[in-house]
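The sequence shown: position 36 = 36 (the working numbering), numbered continuously. A quick write-up on the structure given underneath.
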Amino acid sequence: MRRKKIEYLESSLAGSYIHSAKEDLGNLIRSYKPFGETVSEARVLLLGPVGSGKSSFISSVQSVFSGRVVNRAMVGSSAFAGFTKKLQFFNIRGGGEDNKPTALVMCDIMGIGEGETTGLTLHDVLSVIKGHVPEGHKFSPDQPVTSETTGYVKKPSNKEKVHCVVFVVDASKVSSYSKGLSTTFRKLRQHISSLGVHQVAVVTHVDKVCKRTSEDITQVYKSQSVQNMMAAAGELLGMATSYIVPVKNYSSELELEENTDILLLHAVDHILQYVNLYVQDTAEKNIAK
Numbered sequence: 001m002r003r004k005k006i007e008y009l010e011s012s013l014a015g016s017y018i019h020s021a022k023e024d025l026g027n028l029i030r031s032y033k034p035f036g037e038t039v040s041e042a043r044v045l046l047l048g049p050v051g052s053g054k055s056s057f058i059s060s061v062q063s064v065f066s067g068r069v070v071n072r073a074m075v076g077s078s079a080f081a082g083f084t085k086k087l088q089f090f091n092i093r094g095g096g097e098d099n100k101p102t103a104l105v106m107c108d109i110m111g112i113g114e115g116e117t118t119g120l121t122l123h124d125v126l127s128v129i130k131g132h133v134p135e136g137h138k139f140s141p142d143q144p145v146t147s148e149t150t151g152y153v154k155k156p157s158n159k160e161k162v163h164c165v166v167f168v169v170d171a172s173k174v175s176s177y178s179k180g181l182s183t184t185f186r187k188l189r190q191h192i193s194s195l196g197v198h199q200v201a202v203v204t205h206v207d208k209v210c211k212r213t214s215e216d217i218t219q220v221y222k223s224q225s226v227q228n229m230m231a232a233a234g235e236l237l238g239m240a241t242s243y244i245v246p247v248k249n250y251s252s253e254l255e256l257e258e259n260t261d262i263l264l265l266h267a268v269d270h271i272l273q274y275v276n277l278y279v280q281d282t283a284e285k286n287i288a289k
């Protein structure tokens with residue numbers, strides 16, 4: 001199934017069906033509803049080191065639907081030690097005259113580090129995934145989330161829980177990320193998996209990996225440099241490359257570019273597939289009870 005999708009994406013990026021492919025993917029996401037009746041929205045948590053492009057990815061996805069480059073999530077420069085400190089929810093809007101919200105909610109959060117003292121803690125990540133942490137909560141390694149935390153959700157509903165975790169890494173930094181960060185990723189993945197939550201990965205700044213993709217983003221699936229980077233990202237995360245998708249975020253651009261849009265929409269479609277798996281798994285477990 002993935003090979004078929006990649007072939008479709010490659011042909012789209014090649015220019016034969018650029019506009020129709022973008023429209024098809026966009027409409028698919030606009031009309032998306034999570035499987036079953038247990039949740040009405042897909043809540044997706046983005047996790048990654050400082051500067052990996054989490055906030056920029058959210059803004060880039062919203063830009064595609066808005067039809068212009070927007071900064072929905074506040075984005076800092078790479079010189080800042082992490083712009084996002086609070087838990088923020090962004091309901092992606094579908095654009096058009098009514099600009100109605102889609103069923104996709106992206107959760108932005110503090111960056112993760114090499115250990116418990118250099119970024120978001122494992123305890124707090126799991127608390128967010130379980131639905132205990134209120135929007136707007138400001139994270140601090142020395143003040144873990146507890147039942148006494150202001151706004152703490154004691155009995156979260158399925159809607160308040162996270163349905164898929166997306167790890168975000170910078171393609172241009174994959175080879176330079178430390179072993180300590182890789183250990184953090186793998187530890188997170190182990191604990192998140194124990195909760196039954198599926199995980200995928202988005203690799204940003206793929207245009208910076210090689211000159212070929214920098215000049216022509218349609219070459220992303222044909223570049224050996226990109227393929228090598230994807231394999232390295234899989235090793236970093238402890239994740240098969242079939243779960244990893246490359247994207248180019250909008251950063252300095254003032255106008256949208258359709259092939260960049262298609263990569264972003266394909267990433268969202270990839271994420272939503274795993275939201276459905278989680279919702280289906282949860283529904284089956286409830287029936288079994």
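We put the beta carbon where it would ideally sit given N, CA and C, even for glycine.
- Task: Could you tell me whether the segment 26 to 34 touches the segment 269 to 279, using the rule of 3 or more Cβ pairs below 8 angstroms?
- Result: yes
- What are the uninterrupted segments assigned as beta strand (DSSP E) that are 3 or more residues long and contained completely in the segment 122 to 199, given in chain order? 164 to 170
- Message: Excluding the 5 residues flanking Glu-41 on each side, which residues of the same chain have their C-beta closer than 8 angstroms to its C-beta?
- Response: For the purposes of this step, residue 41 is taken as the residue at position 41 of the sequence shown. Correct list, in chain order: Pro-34, Asn-91, Ala-103, Leu-104, Val-105 and Lys-159.
- Item | Distance CB(Lys-248)-CB(Asp-207) smaller than 8 angstroms | The residue labelled residue 248 in the question sits at position 248 within the sequence shown. The residue labelled residue 207 in the question sits at position 207 within the sequence shown. Yes, they are a contact pair.
- Item | Rounded C-alpha distance that separates Gly-48 from Ser-193 | For this step, residue 48 is matched to residue 48 along the sequence shown. For this step, residue 193 is matched to residue 193 along the sequence shown. Cα to Cα, Gly-48 sits roughly 17 angstroms from Ser-193.
- Which residue or residues does DSSP assign as beta-bridge partners of Arg-30? Against the sequence shown, residue 30 aligns to sequence position 30. Looking at the DSSP assignment, Arg-30 forms no beta bridge with any residue, so it has no partner.
- Decide if the segment 177 to 190 is in contact with the segment 222 to 239; the criterion is three or more beta carbon pairs, one per stretch, under 8 angstroms apart. yes
- If we ignore side chains and look at the alpha-carbon of each, how far apart do Ala-201 and Val-61 end up? In the sequence shown, the residue the question calls residue 201 occupies position 201. In the sequence shown, the residue the question calls residue 61 occupies position 61. Taking the straight line from one Cα to the other gives about 15 angstroms.
- Rounded straight-line distance, which links the Cα of Gln-199 to that of Phe-167: Translated into positions along the sequence shown, residue 167 becomes position 167. Translated into positions along the sequence shown, residue 199 becomes position 199. Phe-167 and Gln-199: Cα-Cα distance of roughly 7 angstroms.
- Message: Quick check: what's the CA-CA separation for Leu-181 versus Ala-233?
- Response: Taking the first residue of the sequence shown as position 1, residue 181 is located at position 181. Taking the first residue of the sequence shown as position 1, residue 233 is located at position 233. Cα to Cα, the separation comes out at about 12 angstroms.
- Can you tell which of Cys-107, Pro-101, Thr-218 and Val-209 has the C-alpha that lies nearest to the C-alpha of Gly-136? The residue given as residue 136 occupies position 136 in the sequence shown. The option with the nearest alpha carbon to Gly-136 is Cys-107.
- Query: Helix, strand or coil: which one does DSSP assign to Lys-54?
  - Reply: For the purposes of this step, residue 54 is taken as the residue at position 54 of the sequence shown. DSSP places Lys-54 in helix when its eight states are reduced to three.
- Task: Over the uninterrupted alpha helix (DSSP H) stretch that includes Arg-212, give me the two end residues.
- Result: Position 212 of the sequence shown, counted from the start, is the residue given in the question as residue 212. Run containing Arg-212: 211 to 215, per the alpha helix (DSSP H) assignment.
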